[in-house]
Structures are given as C-alpha cells and as structure tokens.
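Here's the structure we're looking at; comments come further down.
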Amino acid sequence: MAEAIVAGGGQVVPLAEAEALVWAAPRSPDALEAALDAAPQLTWVQLPFAGIENFMHLIDDDRVWTCGKGVYAEPVAELALTLALMGMRNVAAYSRASAWSQPHGRNLFGANVTILGGGGITEALIRLLQPFECHITVVRNRVAPMDGVDDVVESDRYVDALAGADLVVVALSLTPDTEGIISRSELEQMQSHAWIVNVARGRHIVTDDLVWALQHGVIGGAALDVTDPEPLPDGHPLWSMPNCIITPHVGNTPAMAVPLLSERITTNVRRFEEGEALVGPVHVELGY
Numbered sequence: 006m007a008e009a010i011v012a013g014g015g016q017v018v019p020l021a022e023a024e025a026l027v028w029a030a031p032r033s034p035d036a037l038e039a040a041l042d043a044a045p046q047l048t049w050v051q052l053p054f055a056g057i058e059n060f061m062h063l064i065d066d067d068r069v070w071t072c073g074k075g076v077y078a079e080p081v082a083e084l085a086l087t088l089a090l091m092g093m094r095n096v097a098a099y100s101r102a103s104a105w106s107q108p109h110g111r112n113l114f115g116a117n118v119t120i121l122g123g124g125g126i127t128e129a130l131i132r133l134l135q136p137f138e139c140h141i142t143v144v145r146n147r148v149a150p151m152d153g154v155d156d157v158v159e160s161d162r163y164v165d166a167l168a169g170a171d172l173v174v175v176a177l178s179l180t181p182d183t184e185g186i187i188s189r190s191e192l193e194q195m196q197s198h199a200w201i202v203n204v205a206r207g208r209h210i211v212t213d214d215l216v217w218a219l220q221h222g223v224i225g226g227a228a229l230d231v232t233d234p235e236p237l238p239d240g241h242p243l244w245s246m247p248n249c250i251i252t253p254h255v256g257n258t259p260a261m262a263v264p265l266l267s268e269r270i271t272t273n274v275r276r277f278e279e280g281e282a283l284v285g286p287v288h289v290e291l292g293y
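For reference, each letter of the sequence shown is one residue, going 6 to 293 in the numbering used here.
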C-alpha cells in the first residue's frame, strides 16, 4: 500500500501530518475510530474492501470515504461462475463419491439466472455468462438498462425474480435492508432444482432456513463463499450436506487482491492530489 501511495504521487507521513488515510485493517473498526479521533484534519479515508458494514458507524459526511467497490469484481465473479457450474453439474457431489454413481445435473447453458445486486461483481459476471446464452434477470435498487441483461427489476420485486430461476447469485452489499433477504419464505418460492450461490455476505441468507431447505429438497443446492456465522464452525450441518459447497471466503485471495487494491489506491491518490472525483465512493445514505 505504501508503494501504491507513492506511485500515485503521494507521500507516506505520520498520522498527525496526513491529509488522507489509507486503511489496511478491514476488521479493526475500533482502531480506525481511534485514528480518526487522533487526526481530525483528515479529509479522505480509503477502506480496503467493498463491504463496509464494520465501519458504518464511523462513516459521515465530514470526510470523503471510498472503499474497494469494484476492485475485486472479476475474481469474485469468476468464483461465482465456478461455484454455479460445480453445483448445477453435480461436480461437488461427484467429488465426494467413493463409487460410480448415476447421472445428475442441469445445464447452465440456456438457464434462467437471477442476480441480486447490480454492482461491479454483477457486471463482471454478466460478461462471463454471455457464452452460456442465459436469460439474465438483475434485481437492483436503481433500475436502468444493463448490457447483456434481459430484465432489470426493482428490489421490491426480488421474490418474483427468484421463482423461475435455475440459478440465483447473491452479489449484494450488506445493509439493514438486505440482511436476511433470503429466508424460508424466499427459498420456498424457488424451484426444487435451483441452486443459490452467495459471494456477498453470509448474513444475506438465514442459515437455519437454508439448512432446512437443503435437508428437505426445497432447492437443489447452495454454494457459499460466505457464511453466517463465519468462519463456519466445525461440525455445522452444512459441511456434511451433499448439495452444499463451501469455500472459505476466497472470492479474492491475497495474490489477487494486492495488485488490484494497489491499482485502486494509486488511482485515487493521483485523483485526490489533482482534485478529481475519487473512484469507489461510499454513499452514506445508502450504506454502501
């Protein structure tokens, strides 16, 4: 990060002398609060992740706040596609088998895909889905046409968009309105063969309700890069379910994240110095 700051034309200085703060500890809100109290002169804070729920109580209109919004879109979308194919083509269950088994699975090609969220991950995933000729529905707060998307619907119609989907991908910011957005009632609206992929935050899905749905065949399966709680405890029922795939929040790994975040920091430091609008602004009123 220090190298990225310098590459953007900035200098790394003691906190008391800084105009801006590039924050590198995504799970340390108390430490950031102490830094802000010690440096009231700061006018811009750059956060490292797109998810800012840990810091929402600190974000205000007194400073410019930016986050990692869009930084990791391509690797996270790549994992979402990987998980979708593994689930729909039964790869996860086959990989656990100890004997030859019967054919199972459905095509992603030509499938009905619903994506919750209209941000950078969704835009990247739409590009990856183009060769599969899916019918894509995106649910988002601000309805506007999107390249490669068949239908864009308002967020209050998201249950309607779940009903006919073969695949549902959760790529939302976590806010009070989206916490628990997938619960028993929503899962009951989905098709019995449908898979849900969550690459956003674990608290979007009510875990106990998901366990129930998987146990009773209400949906085809779930592929989760994020869980609630996280990390998922040893012995949790989800670990042993043949129709559940779990990866340990690796939508982006350090090998992927460092160069991507460095590029964002360099860009924003340069823009800050030149008085230009910064990339990845946090919208205080929306919570992301």
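Just so you know, even glycine gets a beta-carbon here, dropped at the ideal spot from N, CA and C. Fair warning: this is a prediction, and the values are worked out from it, not measured in the lab.
> Just curious, the beta strand (DSSP E) that threonine 87 is in, first and last residue?
Replying inline: No beta strand (DSSP E) holds threonine 87; the alpha helix (DSSP H) holding it covers 78-93.
> Between valine 202 and alanine 85, which are expected to be in contact by the criterion C-beta below 8 Å, what is the C-beta distance as a whole number of angstroms?
Replying inline: 5 Å
> Any chance the CB of glutamate 268 is under 7 Å from a heavy atom of the ligand MN?
Replying inline: In terms of ligand content, the structure shown is empty, and the ligand MN therefore cannot be addressed.
> DSSP three-state call for isoleucine 210: helix, strand or coil?
Replying inline: strand
>> Between histidine 209 and valine 158, how many whole angstroms is the CB-CB distance? I'm expecting something under 8 Å.
In response: Between valine 158 and histidine 209 the Cβ distance is about 18 Å, and since that is not below 8 Å, they are no contact.
>> If you measure between the beta carbons of proline 150 and methionine 261, is that distance less than 8 Å?
In response: no
> Between glutamine 220 and alanine 9, what straight-line distance do the alpha-carbon atoms span, to the nearest angstrom?
Replying inline: 48 Å
>> In this structure, how does DSSP classify threonine 71 when only helix, strand and coil are distinguished?
In response: strand
> When you compare only the Cα positions, how much space is there between asparagine 112 and glycine 73?
Replying inline: 33 Å
>> From the DSSP secondary-structure annotation, give me the bridge partner or partners of isoleucine 224.
In response: In the DSSP output, where bridge partners are listed per residue, isoleucine 224 has none listed.
> For leucine 215, does the count of other Cβ atoms within 10 angstroms reach 16, so buried, or fall short, so exposed?
Replying inline: buried
>> Just to check my reading of the structure: leucine 167 and glutamine 194 have Cβ atoms closer than 8 Å, yes? What is that Cβ distance to the nearest angstrom?
In response: 5 Å
>> According to DSSP, is glutamate 159 part of a helix, a strand, or is it coil?
In response: strand
> For the putative contact between leucine 121 and valine 144, defined by C-beta atoms under 8 Å, what is the C-beta separation to the nearest angstrom?
Replying inline: 5 Å
>> Give me the residue from Ala218, Asp156, Thr119, Gly14 with the minimum Cα distance to asparagine 248.
In response: Ala218
>> Please report the straight-line C-alpha distance between threonine 271 and threonine 258, rounded to a whole angstrom.
In response: 20 Å
> Under the DSSP definition of a beta bridge, which residues are partnered with leucine 26?
Replying inline: Val50
> Roughly how many angstroms lie between the CA atoms of glutamine 107 and asparagine 95, to the nearest whole one?
Replying inline: 11 Å
> Apart from the five residues just before and just after glycine 294, which ones in its own chain have a Cβ nearer than 6 Å to its Cβ?
Replying inline: With the chain covering only 6 through 293, there is no way to say anything about residue 294.
> Alpha carbon to alpha carbon, how far is alanine 104 from alanine 97?
Replying inline: 14 Å
> How close, in whole Å, do the beta carbons of methionine 6 and alanine 21 come, if the pair is a contact with beta carbons under 8 Å?
Replying inline: Rounded, the Cβ-Cβ distance is 19 Å, inconsistent with contact.
>> For glycine 285 and threonine 127, I'd like the C-alpha separation in whole angstroms.
In response: 15 Å
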